[in-house]
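Number of protein chains: 2
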Amino acid sequence: MIGAATRLIVLAGDPISHTKGYAEYAAALEVAGIDAVYLPLHVPGGAFAEFLRGARQMRNLAGIVATIPHKQAAFAASSPDVAARRSGAANLLRPASQGWESTNLDGFGFLVALRDAGMVLAGRHVQMLGAGGAGRAVAMAIAEMGPASLAIADPDAARAAALVQAVAVEFPCLPVAAALGESEVLVNCSPIGMGQDDRLPLPAALIPDRGTVYDIVNRADTPLLVAARERGCIVEHGRSMMLAQIGLLIHFLFGPT
Amino acid sequence: MIGAATRLIVLAGDPISHTKGYAEYAAALEVAGIDAVYLPLHVPGGAFAEFLRGARQMRNLAGIVATIPHKQAAFAASSPDVAARRSGAANLLRPASQGWESTNLDGFGFLVALRDAGMVLAGRHVQMLGAGGAGRAVAMAIAEMGPASLAIADPDAARAAALVQAVAVEFPCLPVAAALGESEVLVNCSPIGMGQDDRLPLPAALIPDRGTVYDIVNRADTPLLVAARERGCIVEHGRSMMLAQIGLLIHFLFGPT
């Protein structure tokens, strides 16, 4: 129940009509015993910096979840932690004594979701698809877990090459390349498969047999996951990553509960 | 339930810890079938203008309720309607095509509360106590209802005189004076009687016998109301004014529902 002591967690994005997770946030905050609400704010692209100056004047604001198209602006307007810095993007801000502190929970949320699903990255050959915003955060998270190798593919070859280079700078001992081939662990960070999209994000022959497939799309029956199940893979989809991020967000904003 | 289509009504004040009405707003919005939440925002004095610039970037913000100490800043930063202009203060803003439009619901809320309580102002001798922000709005509302006379008292004589002058400019035919005396209708707009305050806001002998007493303090048992009941007055307190303002607010922000 909202009251005079309620604190706010806002989701700022454009558009916001497709956003999910409100019931899940409400349940997690209640379980944690935190008097806060999670709310959508429709902030247009380009307006984030001005919004942020106004938001800094809201003393009961606990934090801001930045989503498309604001993750780069959120990064630029804050003091980033290592996860945000490696991602070049921030998806969560909290007020600091001066300005804002930020993090990026995509990578850590991905790792928590994999752990909960019993999926292992260490020592495995990993293929990633998609070198966009979420892909960048996930690539850094994968690299941190010590895979045998990491291959990154994106229809935009320059974007894939740039992410490979960024990973190589942070993890100089990891074999990382812009490539598309066979793997033991396949991770889709491209948007292919969202909504009604019935495409596979890679040729079907490259889906591993009895391997591991994580699709960050928040949909249990993407064409990739359907095909991967038929090949005996263990699979998981983006909902678990969203749920993992809720717990991480509560910790970042409210400390140990 | 908060979701991607929820709109926001924010209460901006400093402090906000004493604010009330959250359950009442939630119930009224639900009854009206409006997907919106009413939320407190702790915005410090002096920060309202910057907050407002940021808030203008929130496209799902339905409106802002401005309370102490922001009513003058809200007025200055918006296009006021006649109620806000006469009050010199705004307590409700809505986004306009350019900037903000504002009103002040204190006066109209007071009139609706009186009507609902069967209290009559037309043709009566009215004594008001308190010439502060709410008093100014209430004085203009009383004047509009055609009382026989209006007397205004305030411990700050200059403030009472200024309000008398402002009322006289707007309502040149109304007998209005800075005075404290006998009356048929007594309206307390001073804060005396709030919380644990056990003082009367005027000498007991000036409480009318079998008259009408409205105390805008949101407390049913202020010393004034207790004494007035003993003298056979019909009485009402500020909760009804708050409830009336909720309906008026919904109309101002969302139109006919």
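Line order of the protein sequences matches chains H and V.
Just so you know, we're using the working numbering here: the first sequence kicks off at 1 and counts up by one.
Just so you know, we're using the working numbering here: the second sequence kicks off at 1001 and counts up by one.
We treat Cβ as the ideally placed atom computed from N, Cα and C, and that holds for glycine.
### Message
For a cutoff of 9 Å on Cβ pairs, would you count residue 57 of chain H as touching chain V?
### Response
By one-based count along the first sequence, residue 57 of chain H stands at place 57. At least one chain V Cβ lies under 9 Å of residue 57 of chain H.
### Neighbourhood of residue 1034 of chain V by C-beta distance below 6 Å, restricted to the same chain and skipping five residues each side
Within the second sequence, residue 1034 of chain V is the residue found at index 34, counting from 1. Excluding positions up to five away in sequence, the list reads 1254.
### Message
I'd like to know whether the C-beta of residue 1084 of chain V is nearer than 9 Å to at least one C-beta of chain H.
### Response
Counted from its first residue, the second sequence places residue 1084 of chain V at position 84. It does not; no Cβ of chain H falls within 9 Å.
### Task
Kindly identify the DSSP beta-bridge partner or partners of residue 1013 of chain V.
The count along the second sequence starts at 1 and reaches residue 1013 of chain V at position 13. Paired residues: V:1042.
### Message
Pop quiz: residue 1235 of chain V and residue 1225 of chain V are said to be a contact at Cβ under 8 Å. What is the actual Cβ separation, rounded to whole angstroms?
### Response
Counting from one through the second sequence, the residue named residue 1235 of chain V turns up at place 235. Counting from one through the second sequence, the residue named residue 1225 of chain V turns up at place 225. Yes, residue 1235 of chain V and residue 1225 of chain V are in contact; Cβ-Cβ is about 5 Å, under 8 Å.
### Message
Quick check on residue 1140 of chain V: buried or exposed, where buried means 16 or more other Cβ atoms within 10 Å of its Cβ?
### Response
The residue labelled residue 1140 of chain V in the question sits at position 140 within the second sequence. When all chains shown are included, residue 1140 of chain V counts as buried.
### Task
Over the uninterrupted beta strand (DSSP E) stretch that includes residue 1093 of chain V, give me the two end residues.
Here residue 1093 of chain V refers to the residue found at position 93 when the second sequence is read from its first residue. Per DSSP, residue 1093 of chain V belongs to the beta strand (DSSP E) from 1092–1095.
### Query
Taking the DSSP output, what are the residues bridged to residue 1007 of chain V?
Within the second sequence, residue 1007 of chain V is the residue found at index 7, counting from 1. Note: residue 1007 of chain V sits in a beta bridge opposite V:1036.
### Task
Anything in chain H within Cβ reach of residue 1041 of chain V, meaning under 9 Å, just list it in chain order.
In the second sequence, the residue the question calls residue 1041 of chain V occupies position 41. Correct list: 8, 57, 58, 59, 60, 61.
### Query
Apart from the five residues just before and just after residue 1123 of chain V, which ones in its own chain have a Cβ nearer than 8 Å to its Cβ?
In the second sequence, residue 1123 of chain V corresponds to position 123, counting from 1. The residues are 1146, 1147, 1148.
### Query
What's the C-alpha gap between residue 54 of chain H and residue 1055 of chain V?
Position 54 of the first sequence, counting from 1, holds the residue named residue 54 of chain H. Position 55 of the second sequence, counting from 1, holds the residue named residue 1055 of chain V. C-alpha separation (whole angstroms): 6 Å.
### Query
Quick one: Cα of residue 1216 of chain V to Cα of residue 1188 of chain V, how far?
Looking up residue 1216 of chain V in the second sequence gives position 216. Looking up residue 1188 of chain V in the second sequence gives position 188. If you draw a straight line from the Cα of residue 1216 of chain V to the Cα of residue 1188 of chain V, it is about 6 Å long.
### Query
What whole-angstrom Cβ distance do residue 1092 of chain V and residue 1249 of chain V have, given they're in contact under 8 Å?
Walking along the second sequence from the start, residue 1092 of chain V turns up at place 92. Walking along the second sequence from the start, residue 1249 of chain V turns up at place 249. Yes, they are in contact, since the Cβ atoms of residue 1092 of chain V and residue 1249 of chain V sit about 6 Å apart, within 8 Å.
#### Entry: Limits of the unbroken alpha helix (DSSP H) element including residue 246 of chain H
To locate residue 246 of chain H, count along the first sequence from 1; it is residue 246. Residue 246 of chain H -> alpha helix (DSSP H) spans 239–254.
#### Entry: Residue from V:1096, V:1106, V:1155 whose Cα sits closest to the Cα of residue 1090 of chain V
Working through the second sequence from its first residue, we reach residue 1090 of chain V at position 90. It is V:1106 whose Cα lies nearest to the Cα of residue 1090 of chain V.
### Query
What are the residues that DSSP puts in a beta bridge with residue 1215 of chain V?
Sequence index remark: in the second sequence, residue 1215 of chain V carries index 215 (1-based). Answer is V:1188, V:1237, bridged to residue 1215 of chain V.
### Task
Please name the residue, chosen from V:1019, V:1006, V:1041, that lies closest to residue 1030 of chain V on a Cα-to-Cα basis.
Counting from one through the second sequence, the residue named residue 1030 of chain V turns up at place 30. Residue 1030 of chain V has its Cα closest to that of V:1006, out of V:1019, V:1006, V:1041.
### Query
When you check each C-beta in the stretch 171–201 of chain H against every C-beta of chain V, which residues fall closer than 8 Å?
none
### Query
If you drop the 5 nearest sequence neighbours on each side, which residues of the same chain put their C-beta closer than 6 Å to that of residue 87 of chain H?
Mapped onto the first sequence, residue 87 of chain H falls at position 87. Around residue 87 of chain H: 104, 136, 137.
### Message
Just checking residue 1181 of chain V against the ligand NAD - is the residue's beta carbon closer than 8 Å to any of the ligand's heavy atoms?
### Response
The ligand NAD is not part of the structure shown, which contains no ligands of any sort.
### Task
Note the first and the last residue of the continuous beta strand (DSSP E) segment covering residue 1061 of chain V.
As a working note, residue 1061 of chain V is residue 61 in the second sequence. 1061–1066 is the extent of the beta strand (DSSP E) around residue 1061 of chain V.
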